[in-house]
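Trainee: After the structure tokens below, expect a handful of questions from me.
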Amino acid sequence: MVALLKRYRELLLVAVLLLAPLGVFFSHAKKDAERNRVDRAVVWVATPIERAVGWTATKVLGGWYGYVALRGSHARAQELTIRVEQLELERQQLAETKAEAERLRKLLAFSELSGERRFVGARVIGIRLGAVGRQVLTLDRGADAGLAPLMPVMVADGVVGRVHSVAAGTADVLVVTDLNSSIAVRVERTRARANVRGTGNPDLCRLDYALRAEDIIEGDPLVTSGTDGIFPRGLVVGKVTKLDRKQHGLFQEAKVVPAVDVTRVEEVLVLTSSERAAEIQPAAYAPAKP
Amino acid sequence: MKPLAHVVFALLLAALQAALLRWLGGGAFSVALLAICVVWAGLHGGNVDGSLAAFGVGYVMDLMAGTPKGLLTFLAVGLFLAVRAVSVAVDLKGRAALALLSGLGALFLSVGALLLLRNTVEAEGAPGGELAGRMIVEALLTAAAAPMVALGLRRLDARFHREESGLLG
């Protein structure tokens, strides 16, 4: 028997190694077997090895992906930088278009609110606000579009000025801050009358002919009175600031901050249907009679 | 000692496999590097050393894969015997033979496990035929990886190779 076992020991060993796990499998297949001590010991030994190998493999592969695989990424980064610059340019252009659309929408809403009045929209193509000479904005519309001298020019925020001179395709607008500009106004709160005159300074006007007895306080809004025959009633001109009411004299003095910053105007509306404007329209610019 | 070295090598390989698969595909496919160890034992080991190594590697496979105890151990010893039988019948040498047998071995382990599990555990808990594509991909990847694993196994075997003492020894 022993001789037989010795003779076939290899075969027996292989058979045991083959069949023992099969028996274990069939006995454990239908239930989740817990890990025994041997299993846990092997896993305990294997864990640091697994962790070390995993760490090494991860570092090697990380190095590959982080350095070697980045070959060509410099060129790609340059391409992307150019692309980002192009997109930034496009974004700026779109932002500009959006702001312009916003301004035009406000102008449109203003002209729609003004009922029967007819407006011509124009774009500012030139600005001359120097200390010497007239302070004018040049519009891209002129006599061909029906513009004539003295026509009021405004934006949604208020009065810009009046048309000073026209050519066929352009018109110059004398802005409210010009020394030669004088607009008849009322204090919106008290209906007190006065004039707003330009000072030559693009961000400041002064209040003229405001009787000393009138109730005016700093911050009072000023609107056109319509008595100068140029501007219709009710357009915002500016706001009273630095009021100086002296003990003597007929008038009180004040500075006025214009409602419209003339240095920033880009599109304007020209009121073409003003009764007064039609009256004073020169024959050369009057609409032809049928 | 040699079977134990094979088992330790299998442990290293299992860890490497887990780390590699994490990076390469994130589990979209699998590979059975330990099947190569069993095939190597079948081709280059003796009956006792080889079967012990196959048993140990199978045990590691069971432990790492979380399969029911004994399943992959039995299949690994079965694969070892199958490779021995093939190598006796056909003269198999070189990397191509190892790659071919490793791929077939991986397939043998997958299909064997699938069949055994389908006949023992509840139907809903058993793998189905829809895994066939994945098994074939696994077999192909295992075959592709075989030459690289063989380099390590060859070095390992060289450490246990004893020169026969000659006349001067």
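In the order they appear, the protein sequences are chains A and B. The working numbering puts the last residue of the first sequence at 290; the count rises by one with no breaks. The working numbering puts the last residue of the second sequence at 169; the count rises by one with no breaks. No residue lacks a Cβ here, since even glycine has one placed at the ideal position from N, Cα and C.
Taking just the CA atoms, how far does E85/A sit from T142/B?
Mentor: Walking along the second sequence from the start, residue 142/B turns up at place 142. Walking along the first sequence from the start, residue 85/A turns up at place 85. One C-alpha to the other measures close to 48 Å.
Trainee: Does any C-beta atom of chain B lie closer than 9 Å to the C-beta of G54/A?
Mentor: The sequence position of residue 54/A within the first sequence is 54, counting from 1. Flagged as an interface residue toward chain B: G54/A, by a C-beta distance shorter than 9 Å.
Trainee: Could you tell me whether any non-hydrogen atom of the ligand COA is closer than 8 Å to the CB of L24/B?
Mentor: Within the structure as shown, the ligand COA is missing, as the structure has no ligands at all.
Trainee: Where does P232/A fall in DSSP's three states?
Mentor: Numbered from 1 along the first sequence, position 232 holds the residue referred to as residue 232/A. In the structure shown, the three-state DSSP call for P232/A is coil.
Trainee: Of all the options G72/A, V240/A, R233/A, which has the alpha carbon lying nearest to the alpha carbon of D208/A?
Mentor: Locating residue 208/A in the first sequence gives position 208, counting from the first residue. That would be V240/A, whose Cα lies nearest to the Cα of D208/A.
Trainee: Give me the residue from F74/B, G112/B, L63/B, Y59/B with the minimum Cα distance to G23/A.
Mentor: Translated into the one-based positions of the first sequence, residue 23/A becomes position 23. When only C-alpha atoms are compared, the closest one is F74/B.
Trainee: The alpha helix (DSSP H) with M135/B in it runs from where to where?
Mentor: Taking the second sequence and counting its residues from 1, one reaches residue 135/B at position 135. Residues 132-160.
Trainee: Consult DSSP for K59/A and reduce its assignment to one of helix, strand or coil.
Mentor: Reading the first sequence from its first residue, position 59 is the one you call residue 59/A. Looking at K59/A - three-state DSSP - the assignment turns out to be helix.
Trainee: Roughly how many angstroms separate the alpha carbons of P282/A and E253/A, rounded to a whole number?
Mentor: In the first sequence, residue 282/A corresponds to position 282, counting from 1. In the first sequence, residue 253/A corresponds to position 253, counting from 1. The pLDDT assigned to P282/A is 43, lower than 50, so where the model puts this residue is not dependable; a value taken from the coordinates is nonetheless given after this. Cα to Cα, P282/A sits roughly 36 Å from E253/A.
Trainee: By the DSSP assignment, the alpha helix (DSSP H) with G46/B in it spans what residues?
Mentor: To locate residue 46/B, count along the second sequence from 1; it is residue 46. Premise fails: G46/B is in no alpha helix (DSSP H) and is neither H nor E.
Trainee: Quick one: residues in its chain with C-beta nearer than 8 Å to the C-beta of T190/A, no 5 flanking neighbours on either side, listed in chain order?
Mentor: Taking the first sequence and counting its residues from 1, the one referred to as residue 190/A is at position 190. Counting only Cβ-Cβ distances below 8 Å, and skipping sequence neighbours, we find E214, D215, I216, D220.
Trainee: Could you tell me the alpha carbon to alpha carbon distance between L269/A and L107/A, rounded to whole angstroms?
Mentor: The residue labelled residue 269/A in the question sits at position 269 within the first sequence. The residue labelled residue 107/A in the question sits at position 107 within the first sequence. Answer to the nearest angstrom: the Cα atoms are 7 Å apart.
Trainee: For F231/A, collect the residues of the same chain with a Cβ closer than 7 Å to its Cβ; drop the 5 residues on either side in sequence, then sort them by chain order.
Mentor: On the first sequence, residue 231/A is found 231 positions in, with the first residue counted as 1. Excluding residues within five positions, the ones whose Cβ falls inside 7 Å are P152, V159, I183, T224.
Trainee: Which residues in the same chain as E100/A place their Cβ atom closer than 8 Å to its Cβ, once the five residues preceding and following it in sequence are excluded?
Mentor: Within the first sequence, residue 100/A is the residue found at index 100, counting from 1. E266, E267.
Trainee: Please classify R186/A: does DSSP put it in a helix, a strand, or coil?
Mentor: Indexing the first sequence from 1 puts residue 186/A at position 186. Looking at R186/A - three-state DSSP - the assignment turns out to be strand.
Trainee: Whose C-alpha, out of L115/B, L20/B, L34/B, is nearest the C-alpha of F106/B?
Mentor: Along the second sequence, one-based indexing puts residue 106/B at 106. First, the residue type needs correcting, since residue 106/B is Ala and not Phe in the sequence shown. The option with the nearest alpha carbon to A106/B is L34/B.
Trainee: Taking DSSP as the reference, what is the three-state secondary structure of V57/B?
Mentor: What you label residue 57/B is simply residue 57 of the second sequence in a count that begins at 1. Helix, per DSSP.
Trainee: Exposed or buried, W64/A, counting other C-beta atoms within 10 Å across all chains shown (16 or more means buried)?
Mentor: For the purposes of this step, residue 64/A is identified with residue 64 of the first sequence, where counting begins at 1. Counting Cβ neighbours within 10 Å, W64/A comes out exposed, since fewer than 16 surround it.
Trainee: What residue range does the beta strand (DSSP E) around S27/A cover?
Mentor: Position 27 of the first sequence, counting from 1, holds the residue named residue 27/A. No beta strand (DSSP E) contains S27/A, which is instead part of the alpha helix (DSSP H) from 9-28.
Trainee: Please report the distance separating the alpha-carbon of G70/B from that of G58/B.
Mentor: As a position in the second sequence, residue 70/B is number 70, starting the count at 1. As a position in the second sequence, residue 58/B is number 58, starting the count at 1. Straight-line Cα distance between these residues: approximately 8 Å.
Trainee: Considering S87/B, what are the terminal residues of the alpha helix (DSSP H) in which it resides?
Mentor: Residue 87/B sits at position 87 when you count from the first residue of the second sequence. Looking at the DSSP string, the run of the alpha helix (DSSP H) that includes S87/B is 71-89.
Trainee: Which residues in chain A sit within 8 Å of V77/B, going by Cβ to Cβ distance?
Mentor: Here residue 77/B refers to the residue found at position 77 when the second sequence is read from its first residue. Per Cβ cutoff of 8 Å: V14, L17, L18, P21.
Trainee: Give a yes or no on whether the minimum CB-CB distance between A57/A and chain B is below 9 Å.
Mentor: The count along the first sequence starts at 1 and reaches residue 57/A at position 57. Yes, A57/A counts as interfacial toward chain B.
Trainee: Can you tell which of A20/A, E96/A, A210/A, T263/A has the C-alpha that lies nearest to the C-alpha of R193/A?
Mentor: Working through the first sequence from its first residue, we reach residue 193/A at position 193. Checked all of A20/A, E96/A, A210/A, T263/A; the closest Cα to R193/A is A210/A.
Trainee: In chain order, what residues of the region 27-52 of chain A put their CB closer than 7 Å to some CB of chain B?
Mentor: Listed in sequence order: H28, A29, K30, A33, D39, V42, V43, A46, I49, E50.
Trainee: K69/B touches chain A at which residues, Cβ-Cβ below 7 Å?
Mentor: On the second sequence, residue 69/B is found 69 positions in, with the first residue counted as 1. Residues of chain A passing the Cβ test: V24, F25, H28, A33.
Trainee: Use the C-beta contact count for L167/B: other C-beta atoms within 10 angstroms, 16 or more gives buried, fewer gives exposed.
Mentor: In the second sequence, residue 167/B corresponds to position 167, counting from 1. Any reading at L167/B needs caution, since the residue's pLDDT is 49, under 50, leaving its predicted position unreliable; the model's value is listed next. Looking at its Cβ environment, which holds fewer than 16 other Cβ atoms inside 10 Å, L167/B is exposed.
Trainee: Is there a Cβ from chain B that is less than 9 Å from the Cβ of L61/A?
Mentor: By one-based count along the first sequence, residue 61/A stands at place 61. Yes, L61/A lies at the interface with chain B (some Cβ there is under 9 Å from its Cβ).
Trainee: I want to verify the contact list: residues of chain A whose CB lies under 7 Å from the CB of A19/B, in sequence order.
Mentor: Counting from one through the second sequence, the residue named residue 19/B turns up at place 19. By Cβ distance, chain A contributes V53, G54, A57, T58.
Trainee: Check D144/A in the structure and name its three-state DSSP category.
Mentor: Numbered from its first residue, the first sequence carries residue 144/A at position 144. D144/A: helix per DSSP, three-state reduction.
Trainee: Would you kindly work out how many angstroms separate the C-alpha atoms of V31/B and A145/B, rounded to a whole number?
Mentor: Translated into positions along the second sequence, residue 31/B becomes position 31. Translated into positions along the second sequence, residue 145/B becomes position 145. Approximately 9 Å between the Cα atoms of the pair.
Trainee: Taking DSSP's pairing of strands, which residues face D244/A in a bridge?
Mentor: Numbered from 1 along the first sequence, position 244 holds the residue referred to as residue 244/A. According to DSSP, D244/A bridges with E253/A.
Trainee: Would W55/A be called buried (16 or more neighbouring beta carbons within 10 Å of its own) or exposed?
Mentor: Against the first sequence, residue 55/A aligns to sequence position 55. It counts as exposed.
Trainee: Would DSSP call Y65/A helix, strand or coil?
Mentor: Residue mapping note: residue 65/A aligns to position 65 of the first sequence, counting from 1. Three-state DSSP puts Y65/A in a helix.
Trainee: Beta-carbon separation of L174/A and G161/A under 9 Å?
Mentor: For the purposes of this step, residue 174/A is identified with residue 174 of the first sequence, where counting begins at 1. For the purposes of this step, residue 161/A is identified with residue 161 of the first sequence, where counting begins at 1. Contact flag set, yes.
Trainee: Say whether the region 6-22 of chain B touches the region 37-57 of chain A, bearing in mind that this needs 3 or more beta-carbon pairs closer than 8 Å, one atom from each stretch.
Mentor: Enough Cβ pairs lie closer than 8 Å, so yes.
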